[in-house]
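In terms of the working numbering, the sequence shown opens at residue 130 and continues consecutively.
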Amino acid sequence: MDMSSVIAGRDSGNPIHFDCALEILAGEEKLAAGEKLAYIGQGRFGVIFRENPRDIKHFSIRKIIEWEPKDKRPVWRDQMADLYSKVR
């Protein structure tokens, strides 16, 4: 598993791919025309809307979906950070 593209699973806390998380959300969220699911950072996804789909810089967030709990950091994330933050 490519650990650079994972997020904690909502129920288990185990790492899952962002695409899998987006697929789960796509089955739960009813999107209107022009809306799209996107990762917005800090363990959150959002339903975003672009008036002009070709203008990727301008959008509004219509809904924030808390995916990872803010107060609980998965152990595997600390282990991964230790691997990449060491100077050799």
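The beta carbon of each residue, even a glycine, is placed where N, CA and C say it ideally should be.
Considering only residues of the same chain and omitting the five flanking positions on each side of residue i, which have a CB-CB separation below 8 Å?
i	result
R217	Reliability of the predicted coordinates at R217 is poor, the pLDDT of 49 falling under 50, and the value obtained from them is presented with this limitation in mind. Nothing listed; no residue qualifies.
R173	I193, I194, E195, W196, E197
Return the Cβ separation of residue i and residue j in integer angstroms, given the expectation that the two are a contact with Cβ distance under 8 Å.
i	j	result
G163	P182	7 Å
Using the beta-carbon count (16 or more within 10 Å), is residue i buried or exposed?
i	result
G175	buried
I136	buried
A155	exposed
Within a Cβ cutoff of 6 Å, which residues of the same chain sit near residue i, ignoring the five residues on either side of it in sequence?
i	result
A161	none
D211	none
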